[in-house]
Each structure stands twice: as C-alpha cells, then as structure tokens.
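Report on the following structure.
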Amino acid sequence: MVVNTILRRRGGSTKPATAANLMAAPRRCTTRLAFVLTLICSLVAATFSQIVLRSDLVLIPVTVRDKQGKYIADLQVEDFNLFDNGKPQPIAFFSSERDPDRMARPLALALLLDASRSISAVLHQQQSAVTSFLNHLGDQTLVSLISFSQNQETLLGFTTDKTEALNAFFRHRRLGGETAIFDALAFALKSLNALSEGERRKIVVIVSDGLDTASRISYQDCARLAQEQGIAVYSILIPIYSPYGDRLVARRPTKGFIEIAEETGGKFFQVGTLEDALNPRAKLDLGPVFEAIVEDLRHQYYLGFYPPEDNHPGFHRIEVRVARKNMKLELRRRGYTIRSIP
Numbered sequence: 026m027v028v029n030t031i032l033r034r035r036g037g038s039t040k041p042a043t044a045a046n047l048m049a050a051p052r053r054c055t056t057r058l059a060f061v062l063t064l065i066c067s068l069v070a071a072t073f074s075q076i077v078l079r080s081d082l083v084l085i086p087v088t089v090r091d092k093q094g095k096y097i098a099d100l101q102v103e104d105f106n107l108f109d110n111g112k113p114q115p116i117a118f119f120s121s122e123r124d125p126d127r128m129a130r131p132l133a134l135a136l137l138l139d140a141s142r143s144i145s146a147v148l149h150q151q152q153s154a155v156t157s158f159l160n161h162l163g164d165q166t167l168v169s170l171i172s173f174s175q176n177q178e179t180l181l182g183f184t185t186d187k188t189e190a191l192n193a194f195f196r197h198r199r200l201g202g203e204t205a206i207f208d209a210l211a212f213a214l215k216s217l218n219a220l221s222e223g224e225r226r227k228i229v230v231i232v233s234d235g236l237d238t239a240s241r242i243s244y245q246d247c248a249r250l251a252q253e254q255g256i257a258v259y260s261i262l263i264p265i266y267s268p269y270g271d272r273l274v275a276r277r278p279t280k281g282f283i284e285i286a287e288e289t290g291g292k293f294f295q296v297g298t299l300e301d302a303l304n305p306r307a308k309l310d311l312g313p314v315f316e317a318i319v320e321d322l323r324h325q326y327y328l329g330f331y332p333p334e335d336n337h338p339g340f341h342r343i344e345v346r347v348a349r350k351n352m353k354l355e356l357r358r359r360g361y362t363i364r365s366i367p
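For the sequence shown, our numbering assigns the number 26 to the initial residue and increments by one for each residue that follows.
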C-alpha cells in the first residue's frame, strides 16, 4: 500500500529568455513566449522526482497530551523515539495534523450499525449528532454505511454526499436473527481496502451492544487485517443490562469488541447508564462520542519505520517515547506481525 509521496528537488537550471530577445522579433513574440513558457514548465516538471514509500512501512498513530489532558500539536519528528522489541529504529515517515480546525488528510469512513432492536431505537434519535459528525469530517470524506445482524446490508456505498449519507443512516432498520459483529467488521475492512485512494486515512466506527453471537471470523483476524491495512477501529458500546442476583448489571461485550479498538489505533466508548436503560423516555446522545472521535483524528501524529531485514517472524512489540517532559503519550498500535514464509 502506498502511504505517502514526497517530492525531492533535483539540481538543474536553464538560461531564461530576456526582454531584448523577445523584442528583437516582435512578429514572433507570441510564438516565442509560448515556447519559453512551455520550456520552463517542462524544466520545472523535470526537476522533481517522486519518492514512494515502500509497502512494508509500519505506521504507528500516537497522540500526546500534557498534564491537564490537553492535546499537544507542535511536536517534531526529533521529539519521538521508536523501538521494535526494545531496539531503537530510525523514523522513516512522520506526519501530523497541524490545523485543529480541519484534517490535512481526507478520510474514508465505514459506519457499521448494529440492527438489533435496542440499538436501532437509539440510532433513530441521533439526527443532530450524526449531522454534526458528518459535517465535521470535511467535504472530501468518503462515507459508507453498513447495517448488520447475522448478515450485512450496505445502506450506502462510499460517497462524499453528506445529505445522501444522512438519508441512508435513517434507512437503517431492525433486522432479525443472530448478531455477527466481526463478520460485519471484516466486510467493512475489505470494502475500505478496495478503495484505490492510498492517501486517505481509513477508519471504521461500530455502534453496537457488543454481543457477538454468530461470527465465523475471529476478532484476531479482523485486528490483523486492520493493522495490515492501517485502518483504525472505533467501538461504541450501548450496553444491555441483565439481572444478576438482586440487581441489574451491564452485560460484558464479546471479547474483542473493546480490544480491537485498542489494537488498531482507535478508541473504545460506552454510552448510557442503568438509569437510561430503565427509563423508557431516556434519549441517549452519541454527539459527545462523535465529537471525541473527530478531536482524536485531528490531533494524531503518524510515525513510520521499516522493519529490519533480519527481523524474525511473529509478533513484534512497538514502543514510542516522547522526549519532552511532563507529556503523556497514547500509543495506538501496540505491535505488528511478521508472517513466516514457507
């Protein structure tokens, strides 16, 4: 996968045409001027060459905060140290979101919506939250909506049309049957991977009760697929409460629902309390969660390195340290896997 393209300037010059040269033959001035402009454009194009980063580049998203929890947005590549299984590695790629009000790199978002009864009821209360979320992602963001129960239903293929995306969101409906979260996630990851635009940052946002009852694909397979493609997964849990002795407790989500967010550079959120679950008139608001996702995306640094050629197959643990004092670094990717070649 092509991660980034850098322009490198090469040496080269040409003797420009002078005003005297052009005035010497006024009848041919227009022709010569056109020739000069063409020549200059050709030379400018020739002075640049593209350096394409290799496909084995390992990308690590990180965020950095101060003691008060505020994002730090002015760090440079020299402020970071990167380690692979404890061994320092040179940083081959570095990027950051400089402008907190907009995203430098366009997004591709797959919004994955649980079609169970409880989740469907909550989603239909989210018009304002979803509208604000889509608007803050920027005009160039590609959005796809996928509803799922045991199978997946694509409500909308990738588009930049936010009105169309919002209309598709409210076409989401309750579906019967079992729930296959990780099968649906694998479907979303593959749809993102099929996009040809390599410069886009790709994310999945899942809204679910977290209870997977039918997946044939494991969360580990999904995590590996997301890591290989550089896709971050954000998991939003709307819990279901069940009796436990003389009280009600939230049912713990299926293993992997929380972990996959941690392992792919995303985040896990939980929305709703027991009081909300017991109150039939309660309206959950996903707005603060969507705002937190946007803020998170706007304050990420991306570090990249190439695994040493002598690296052994298996899992490699990544560590990143920030040189400045009193800073808290959130590492969004804990490691990567090198597959053995038969």
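Glycine included, C-beta positions come from ideal geometry on N, C-alpha and C.
Backbone secondary structure at residue 242 - three-state DSSP
What you label residue 242 is simply residue 217 of the sequence shown in a count that begins at 1. Of the three classes helix, strand and coil, the one that applies to residue 242 here is coil, per DSSP.
The alpha helix (DSSP H) spanning residue 187 covers which residue range?
By one-based count along the sequence shown, residue 187 stands at place 162. Start and end: 187 to 194.
Taking 8 Å as the cut-off, is the CB of residue 207 close to at least one heavy atom of the ligand ATP?
Of ligands this structure carries none, so the ligand ATP is not represented either.
Just mark residue 64 as buried or exposed, buried being the case when its beta carbon has 16 or more other beta carbons within 10 Å.
Along the sequence shown, one-based indexing puts residue 64 at 39. Any reading at residue 64 is ruled out, since the residue's pLDDT is 35, under 50, leaving its predicted position unreliable.
Measure the alpha-carbon distance for residue 360 versus residue 305 and round it to whole angstroms.
In the sequence shown, residue 360 corresponds to position 335, counting from 1. In the sequence shown, residue 305 corresponds to position 280, counting from 1. The straight-line gap from Cα to Cα measures roughly 43 Å.
Going along the chain, which residues of its own chain have a beta-carbon closer than 7 Å to the beta-carbon of residue 226, five neighbours each way excluded?
In the sequence shown, residue 226 corresponds to position 201, counting from 1. Excluding residues within five positions, the ones whose Cβ falls inside 7 Å are 130, 132.
Chain-order list of residues whose beta-carbon lies under 6 Å from that of residue 179 (same chain, five-residue window excluded):
The residue given as residue 179 occupies position 154 in the sequence shown. So the list reads 171, once near-sequence residues are dropped.
Of all the options 362, 260, 314, 320, which has the alpha carbon lying nearest to the alpha carbon of residue 293?
Within the sequence shown, numbered from 1, the residue matching residue 293 stands at position 268. The alpha carbon of residue 293 has as its nearest neighbour, out of 362, 260, 314, 320, the alpha carbon of 260.
Over the uninterrupted alpha helix (DSSP H) stretch that includes residue 155, give me the two end residues.
As a working mapping, residue 155 is identified with position 130 in the sequence shown. From DSSP, the alpha helix (DSSP H) with residue 155 extends over 152 to 161.
Any idea if residue 109 is buried or exposed, counting beta-carbon neighbours within 10 angstroms, 16 or more meaning buried?
Along the sequence shown, read from residue 1 onward, the residue named residue 109 stands at position 84. Burial call: buried.
Alpha carbon to alpha carbon, how far is residue 291 from residue 257?
Walking along the sequence shown from the start, residue 291 turns up at place 266. Walking along the sequence shown from the start, residue 257 turns up at place 232. One C-alpha to the other measures close to 5 Å.
Taking the runs of the alpha helix (DSSP H) that are 4 residues or longer, which of them lie wholly in the segment 268 to 323?
284 to 289, 299 to 303, 312 to 323
Reference residue 142, options 201, 102, 161, 363, closest by Cα:
For the purposes of this step, residue 142 is taken as the residue at position 117 of the sequence shown. The residue with the shortest Cα to Cα distance from residue 142 is 201.
Under a Cβ-count criterion, where at least 16 other Cβ atoms within 10 Å of its own Cβ denotes burial, should residue 86 be classed as buried or exposed?
Residue mapping note: residue 86 aligns to position 61 of the sequence shown, counting from 1. Under this definition residue 86 is a buried residue.
Can you tell me the Cα-Cα spacing of residue 176 and residue 347, whole angstroms?
In the sequence shown, the residue the question calls residue 176 occupies position 151. In the sequence shown, the residue the question calls residue 347 occupies position 322. Spanning the two alpha carbons is a distance of roughly 43 Å.
If the criterion is Cβ atoms closer than 9 Å, does the pair residue 328 and residue 195 meet it?
As a first step, residue 328 must be located in the sequence shown, where it is residue number 303. As a first step, residue 195 must be located in the sequence shown, where it is residue number 170. The answer is no: Cβ separation not under 9 Å.
Do you know how far the Cα of residue 300 is from the Cα of residue 336?
Taking the first residue of the sequence shown as 1, we reach residue 336 at position 311. Taking the first residue of the sequence shown as 1, we reach residue 300 at position 275. Roughly 52 Å separates the two Cα atoms.
Start and end residues, alpha helix (DSSP H) containing residue 215:
By 1-based counting over the sequence shown, the position of residue 215 is 190. Per DSSP, residue 215 belongs to the alpha helix (DSSP H) from 206 to 218.
In terms of residue numbering, what span does the beta strand (DSSP E) encompassing residue 145 cover?
If you number the sequence shown from 1, residue 145 lands on position 120. Here residue 145 belongs to no beta strand (DSSP E); instead the alpha helix (DSSP H) covers 142 to 148.
Cβ atoms of residue 137 and residue 229: under 9 Å apart, would you say?
Locating residue 229 in the sequence shown gives position 204, counting from the first residue. Locating residue 137 in the sequence shown gives position 112, counting from the first residue. Yes. Within cutoff.
To the nearest angstrom, report how far apart residue 271 and residue 302 are at their CA atoms.
Position 246 of the sequence shown holds residue 271. Position 277 of the sequence shown holds residue 302. Going from the Cα of residue 271 to the Cα of residue 302 covers about 16 Å.
Considering only the alpha carbon of each residue, which of 213, 233, 326 lies closest to residue 135?
Within the sequence shown, the letter at position 110 stands for residue 135. The candidate whose alpha carbon is nearest that of residue 135 is 213.
Go ahead and pull the three-state DSSP assignment for residue 133.
Counted from its first residue, the sequence shown places residue 133 at position 108. Strand.
Candidates 168, 90, 249: which alpha carbon is nearest residue 182's?
Along the sequence shown, one-based indexing puts residue 182 at 157. Measuring from the Cα of residue 182, the nearest candidate turns out to be 168.
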